[in-house]
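Everything on this sheet refers to the single structure shown next.
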Amino acid sequence: AEEYAGSGRHYWNTGYFCWTLGHILDEFSRHLPAMSAQLRAMRALGADEQGAFARLWNEIRPVTIDVGIMERAERVAVIPCDLGWSDVGSWASLYDLLPRDEEGNAHLGAGQHVGLDTRSSIIYSERLVATVGLEGMVVVDAGDAVLVLPTSRAQDVSALVQEMRARGLDVYL
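Using the numbering used here, you'd call the opening residue of the sequence shown number 6 and step up by one each time.
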């Protein structure tokens with residue numbers, strides 16, 4: 006694997022694609038004809054036909070664009086570039102990418118945050134959130150549920166999700 010990666014003859018597929026609508030629809034027709042027909046049928050539905058739309062959507066056989074189209078397409082070009090990359094898989098990694106106020110707090114959402122002695126925290130809200138004495142915390146106000154945890158425990162959210170599912174609280178996920 007090291008030799009393969011270090012050879013300089015291969016590129017990493019980041020999953021960024023660019024095409025015209027006409028071209029990608031042609032590729033769907035050529036390589037995924039059944040899915041293409043389903044998508045055309047969905048497009049023809051009116052706004053009042055949500056049940057038919059959902060039925061057609063659920064009948065689509067899932068396949069990634071890479072496997073279904075790109076591995077078989079003939080008109081493909083690679084544009085080498087260094088875009089930088091961050092794995093935004095946790096609140097802690099998101100914090101590293103966000104702008105922060107003078108106290109090191111990052112705020113997301115349309116709501117306001119008023120903090121007293123609150124530092125190095127992420128606050129997500131659509132309404133006012135007031136905090137006192139927090140440091141290195143994540144506060145997520147999702148309207149019908151609130152999540153609060155130390156940034157250092159951000160990777161534990163998946164275990165919390167499992168616990169919520171076990172308690173039948175899927176509606177909040």
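No residue lacks a Cβ here, since even glycine has one placed at the ideal position from N, Cα and C.
None of the values given here were measured: they were computed from a predicted structure.
Exposed or buried, Thr69, counting other C-beta atoms within 10 Å across all chains shown (16 or more means buried)? Exposed, because fewer than 16 other Cβ atoms sit within 10 Å of the Cβ of Thr69.
Tell me, to the nearest whole angstrom, how far the beta carbon of Leu44 is from that of Phe33; I am working on the premise that it is less than 8 Å. Sure, about 7 Å apart at Cβ, within 8 Å.
Under 7 Å, do Gln96 and Ile127 count as touching if we go by C-beta distance? What sits at residue 96 in the sequence shown is Trp, not Gln. A contact, by the Cβ cut-off of 7 Å.
Would you decide whether Asn63 is buried or exposed? Buried here means 16 or more other CB atoms lie within 10 Å of its CB. Per the 10 Å Cβ criterion, exposed.
I believe Val144 touches Val153 by the beta-carbon criterion, under 8 Å. Please report the beta-carbon distance rounded to the nearest angstrom. 5 Å
At which residue ranges does the segment 43–88 contain complete alpha helix (DSSP H) runs of 4 or more residues, listed in the order of the chain? Counting only runs of 4 or more, we get 55–64.
Terminal residues of the continuous alpha helix (DSSP H) containing Val166? 162–171
Taking DSSP's pairing of strands, which residues face Ala111 in a bridge? Ile127
Out of Cys86, Leu133, Glu8, Glu54, which has the shortest C-alpha to C-alpha gap to Phe21? It should be noted that the sequence gives Tyr, not Phe, for residue 21. Ranking Cys86, Leu133, Glu8, Glu54 by Cα distance to Tyr21 puts Cys86 first.
Spell out the partners DSSP gives Thr136 in its beta bridges. The partner list for Thr136 (beta bridge, DSSP) reads Gly120.
Where does the unbroken alpha helix (DSSP H) through Leu99 begin, and where does it stop? 96–102
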